Amino acid sequence: MALTPDERERYARHLLLPEVGEEGQEALRAGRVLVVGAGGLGSPCALYLAAAGVGTLGIIDADAVELSNLQRQLLHATDDLGRAKVESASETLSALNPDVKLVMYPERLTASNAPEVLAGYDFVVDATDNFESKFLIADACYAAGKPYAHAGILRFGGQAMTVLPGESACYRCVFGGPPPGPVPEAARGLLGVLPGVIGTVQATEALKFLLGVGELLTDTLLVYDALKMTFRRVGVKRDPGCILCGDK
Ligand SMILES: [Zn+2]
């Protein structure tokens, strides 16, 4: 279906890009992206994906908005304290772009619900903040054959990598398994703007994937240091002995 006059105006700056154009904008409208987590990373990521006109945006998160979230989680405002994050996210995103079909899941992604939830999407964004969820997403996306954008943030730094299951290095190729024990509270500090940078990298990867343009961040860990203001690209390889995607 051709773009409507309103869509032509809303996405005018996209239509000026030969790499996007009408065809690309229609591809974005047909695109379905699942954002796992409506927190620090999920906020900028979902906001930009909705603004860009991704047609279907799923968000899965079981948490409620807390005061300490507001230092960085831009989907939520002070009036939203105590509300389910998916509810507050849904309001913010539909105010930004009412044309986006929002699918909200007020639950945690688990090994048991993942196959059904993931089935409805073309691309997944790991916007979670704990190792348990990150390995779960790595495993579930591999099993479902879904490409996804990984990211992690801590203190003044962050990292991102895109995984094409069975083609590029997976999260377990690079990190193996979760570290023993929880991350100590003192090590969980975070500069509020950090997820803005890294979550936006993830949104960029999702858009590039849907448009089929550029080079995805595969076989590469992008490492961001806010204090030095550097982005480093670290080459990574698919490990034939990987317990998830290896040859055995
Ligand atoms: Zn692997």
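The sequence shown runs 0 to 247 under numbering that gives the first Met the number 0. Idealized CB from N, CA, C, for every residue including glycine. Fair warning: this is a prediction, and the values are worked out from it, not measured in the lab.
What three-state label does DSSP hand residue i in the structure shown?
i    : result
P224 : For the sequence presented, residue 224 should be read as Asp rather than Pro. D224 falls in the strand class under three-state DSSP.
R7   : helix
Y141 : helix
Y104 : strand
Q70  : coil
A76  : coil
R231 : strand
I197 : helix
A83  : strand
R237 : coil
A1   : coil
A61  : coil
A168 : coil
K247 : coil
T91  : helix
E214 : coil
T203 : helix
Can you grab the Cα-Cα spacing for the pair residue i / residue j, in whole Å?
i    : j    : result
A148 : L163 : 9 Å
C44  : G198 : 5 Å
K236 : T3   : 44 Å
A1   : L210 : 16 Å
A113 : Y120 : 11 Å
V34  : D218 : 22 Å
G144 : I136 : 11 Å
Q72  : V173 : 28 Å
K100 : Y47  : 14 Å
E18  : T161 : 20 Å
G240 : D246 : 7 Å
F134 : Y10  : 36 Å
K207 : E90  : 26 Å
I58  : E214 : 26 Å
Name the residue from the options whose alpha carbon lies nearest to the alpha carbon of residue i.
i    : options                : result
P105 : H75, D78, A63          : A63
G234 : Y120, G211, V222, C241 : V222
L193 : D98, T55, G157, R232   : G157
G38  : G23, V32, A126         : A126
R232 : P239, D224, D238       : D224
L69  : L189, F208, C241       : L189
A248 : E166, P177, I152, C140 : The structure shown does not extend to residue 248, since the chain is modelled only from 0 to 247, so the question has no answer here.
P146 : S132, C169, R154, E131 : C169
L16  : E65, V212, G195        : V212
G41  : D128, G20, R7          : D128
E6   : P97, A142, L206        : P97
A159 : E22, A139, V124, A76   : V124
R154 : G191, L108, E25, G23   : G191
P178 : E131, A49, V196, D238  : E131
Can you have a look at residue i and say buried or exposed, based on whether 16 or more other CB atoms are within 10 angstroms of its CB?
i    : result
A88  : buried
C204 : The identity of residue 204 in the sequence shown is Glu, whereas the question assumes Cys. E204 is buried by the Cβ-count criterion.
S67  : exposed
T229 : exposed
Q201 : buried
L216 : buried
I242 : exposed
L74  : buried
A110 : exposed
R171 : buried
L226 : exposed
A94  : exposed
G36  : buried
V85  : buried
Can you name the residues that DSSP bridges to residue i?
i    : result
H13  : Answer is none; H13 lacks a bridge partner.
Q158 : G151, V222
L189 : R154
R31  : T55
V124 : V34, A148
Under 5 Å from any heavy atom of ligand 3, by CB: list those residues in chain order, please.
-> You won't find ligand 3 in this model; what it holds is ligand 1.
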